[in-house]
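S.K.:
There are 2 protein chains.
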Amino acid sequence: MKLNEAKQQFISSWGAFGTHWGINRTMAQIHALLLVTASPLTQDDIMEQLSISRGNVNMNIRELIGWGLVDRVLLTGERKEYFSAEKDIWKVATQIIKERKKRELDPMLKLLAQLEEIEGDKKDRNIKQFTDTIGGIRKFGKQADKMLDIMIKAEENWFMANLLKLFK
Amino acid sequence: MKLNEAKQQFISSWGAFGTHWGINRTMAQIHALLLVTASPLTQDDIMEQLSISRGNVNMNIRELIGWGLVDRVLLTGERKEYFSAEKDIWKVATQIIKERKKRELDPMLKLLAQLEEIEGDKKDRNIKQFTDTIGGIRKFGKQADKMLDIMIKAEENWFMANLLKLFK
DNA sequence: TTTTATTTTCAATAAGTTTTGAAAATTCAA
DNA sequence: TTGAATTTTCAAAACTTATTGAAAATAAAA
């Protein structure tokens, strides 16, 4: 397999993969393209390589920046903006975990806590089933929350450890 | 808050939550409804409680059965089919992990292995960037794969399952 | 300042996905 | 068998989300 063929395949699969995770195809494809490209790219490069419109690139790039997965890069002497993706997959993963935790898990845990404070006779079969299920989900969610914090910390420490090595 | 209000809220939030995970709103809502309802329900019950069509219930229930999250229940003397959801959230989670691993992670790892076998000079900056990134993602994916297997095993193993209950 | 390059916005439209509902198929009892 | 109850299917319609592209805004150069 040739490099360009392989790139195309990766971009296309990563895009399809994304749709199973509530991420839009194009956003995942742009991310994939930036992941496997050594040098930063401009909006025009991305438009051309993925055959998509300027507006589409612009919106999705900004979304990726919002997720902390892509950075604007300013090349000296260049008028255009360039973009590049974090290549360390652990950093990518912890960044995604951090964001999804904040956007989804945290609000869900808050809601579940409220739902457990239900009025009525705790002996009632229906009420019991409800509070038991909600309680179970909440406990599970809290557990997951803790575990993810540990993963994030581990990655940050690893990063710090490596950063410090540079100064030794 | 009253039971029915709380149920409605849970169903609606669980549905919205699902859309961020590539699951359709209705499927997640049906799952939520079955999770918080003590007794099994018929298609008609679900139609009524969620105000959706018969066809919609039927398709999504079958999808949920395909994911191993919902079971058909036959009540003696009843002509209609009843449906109920697994209520133990750990079992729900491991079931989802198992399925997604099979449907998404395994094929992705297979593809990444192929993409690493690329033709050309390994010293070339572009080729190096590509194989490094793909290799990194693959290593990470394999790691995740192992970790998920451990979680699944833990849940399936009686002793470990009981040990885990201490943390639930 | 004016001009030109570049980025951003957003209404219109295209594409994709979900839902409906009626007809067909199936199941079970009489 | 036949017929009523129930489940399944699937084309068409409704709804949702993504994409385009041209116009407006912004930034840099002349």
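Top to bottom, those sequences are chains B and C. According to our numbering, the residues represented by the first sequence are -11 to 156, in order. According to our numbering, the residues represented by the second sequence are -11 to 156, in order. Just so you know, even glycine gets a beta-carbon here, dropped at the ideal spot from N, CA and C. Just so you know, these numbers come straight off a predicted model, no measurement behind them.
1. Assuming Ile122/C and Glu104/C form a contact by the criterion Cβ under 8 Å, report the distance between their Cβ atoms to the nearest whole angstrom.
2. Quick check on the burial criterion: 16 or more other C-beta atoms within 10 angstroms. Buried or exposed for Met148/B?
3. State the beta-bridge partners of Arg67/C as determined by DSSP.
4. Within 10 angstroms of the Cβ of Pro28/C, are there 16 or more other Cβ atoms? Answer buried if so, exposed if not.
5. Mind listing the chain C neighbours of Thr7/B? Cutoff is C-beta to C-beta under 7 Å, in chain order.
6. Which residues does DSSP list as the beta-bridge partners of Arg60/C?
7. For Gln15/C, would you say it is in contact with chain B, using Cβ-to-Cβ distances shorter than 7 Å as the test?
8. Looking only at C-alpha atoms, which of Met135/C, Lys110/C, Lys141/C and Ser72/C sits nearest to Leu62/C?
9. Just to confirm my understanding: we take Ile40/C, look at its own chain, exclude 5 residues before and 5 after, and list those with CB closer than 7 Å. What are they?
10. Going by the CB atoms, is the gap between Ile77/C and Phe118/B shorter than 7 Å?
11. Strictly under 7 Å for the Cβ-Cβ distance: is Lys75/B near chain C by that measure?
12. Check distances from the C-beta atoms of the segment 62 to 73 of chain C to those of chain B and list, in chain order, the residues that come in under 7 Å.
13. Which same chain residues end up closer than 8 Å to Arg60/C when comparing Cβ atoms and leaving out the 5 residues on each side of it in sequence?
14. Since Ala20/C and Ile49/C should fall inside the 8 Å C-beta cutoff, what is the C-beta to C-beta distance between them, to a whole number of angstroms?
15. How far does the alpha helix (DSSP H) with Pro95/C in it extend, from its first residue to its last?
16. Would you mind reading off the limits of the alpha helix (DSSP H) that contains Asn114/C?
17. Touching or not, the segment 76 to 92 of chain C and the segment 134 to 148 of chain B, by the rule of three or more beta carbon pairs under 8 Å?
18. What residue range is occupied by the uninterrupted alpha helix (DSSP H) comprising His19/B?
19. Determine the chain C residues that contact Ser1/B at a beta-carbon separation under 8 Å, and present them in chain order.
20. Is there a Cβ of chain C sitting closer than 7 Å to that of Glu87/B, yes or no?
21. Spell out the partners DSSP gives Leu29/C in its beta bridges.
22. Would a C-beta distance cut-off of 7 Å place His159/B and Glu51/C closer than the cut-off?
23. Using a Cβ-Cβ cut-off of less than 8 Å, give me the residues of the segment 124 to 136 of chain B that come near chain C, in sequence order.
24. Measure the alpha-carbon distance for Glu143/B versus Thr82/B and round it to whole angstroms.
25. Taking the straight line between their C-alpha atoms, what separation do you get for Leu152/B and Met96/C?
26. Would you say Val58/C lies against chain B (beta-carbon separation less than 7 Å)?
27. Examine chain B for any beta-carbon lying closer than 7 Å to the beta-carbon of Met139/C, and answer yes or no.
28. Is Met148/B helix, strand or coil by DSSP?
29. Helix, strand or coil for Lys(-10)/B, going by three-state DSSP, please let me know.
30. Have a look at Lys75/B, Asp32/B and Gln37/B and flag the residue whose alpha-carbon is nearest the alpha-carbon of Arg67/B.
31. Rounded to whole angstroms, what's the CA-CA distance from Gly124/C to Ile125/B? Just pull it up for me.
32. Got a sec? Which residues, its chain only, sit under 7 Å from Leu23/C by beta carbon, not counting five neighbours each side?
M.R.: By the coordinates alone:
1. Going by Cβ atoms, the distance from Ile122/C to Glu104/C rounds to 5 Å, so yes, they are a contact pair.
2. Exposed, since its Cβ has fewer than 16 Cβ neighbours within 10 Å.
3. Arg67/C is not bridged to any residue.
4. Result: buried.
5. Chain C residues near Thr7/B: Gly10.
6. Per DSSP, Phe71/C.
7. Reading off the sequence, residue 15/C comes out as Met, not Gln. Interface criterion not met: the Cβ of Met15/C is under 7 Å from no Cβ in chain B.
8. Ranking the options by Cα distance to Leu62/C, first place goes to Ser72/C.
9. Result list for Ile40/C: Thr14, in chain order.
10. Result no, Cβ atoms of Phe118/B and Ile77/C do not sit closer than 7 Å.
11. Yes - at least one Cβ of chain C is within 7 Å of the one on Lys75/B.
12. Taken residue by residue, none of the segment 62 to 73 of chain C has a beta-carbon sitting less than 7 Å from a beta-carbon on chain B.
13. The residues are Ile53, Glu69, Tyr70 and Phe71.
14. That pair is no contact at about 13 Å.
15. That run of the alpha helix (DSSP H) goes Asp94 to Glu104.
16. Arg113 to Glu144 is the extent of the alpha helix (DSSP H) around Asn114/C.
17. Counting Cβ pairs under 8 Å, fewer than three are found: no touch.
18. Its alpha helix (DSSP H) spans residues Arg13 to Leu23.
19. Residues of chain C passing the Cβ test: Met96 and Leu99.
20. False, the Cβ-Cβ gap to chain C never drops below 7 Å.
21. According to DSSP, Leu29/C bridges with Phe71/C.
22. The structure shown does not extend to residue 159/B, since chain B is modelled only from -11 through 156, so no value can be given for it.
23. When CB distances to chain C are screened at a threshold of 8 Å, the residues of the segment 124 to 136 of chain B falling below it are Gly124, Ile125, Lys127, Phe128 and Gln131, in chain order.
24. In a straight line, the C-alpha of Glu143/B is about 7 Å away from that of Thr82/B.
25. The C-alpha of Leu152/B lies about 35 Å from the C-alpha of Met96/C.
26. Taking 7 Å as the CB threshold, Val58/C stays off the interface with chain B.
27. With 7 Å as the cut-off, Met139/C does not count as an interface residue toward chain B.
28. Met148/B: helix per DSSP, three-state reduction.
29. Coil, per DSSP.
30. Per the Cα distances, Asp32/B.
31. If I take the Cα positions, the gap works out to 33 Å.
32. Taking C-beta separations shorter than 7 Å and ignoring five residues to either side along the sequence, the partners of Leu23/C in its chain run Ala73 and Lys75, following chain order.
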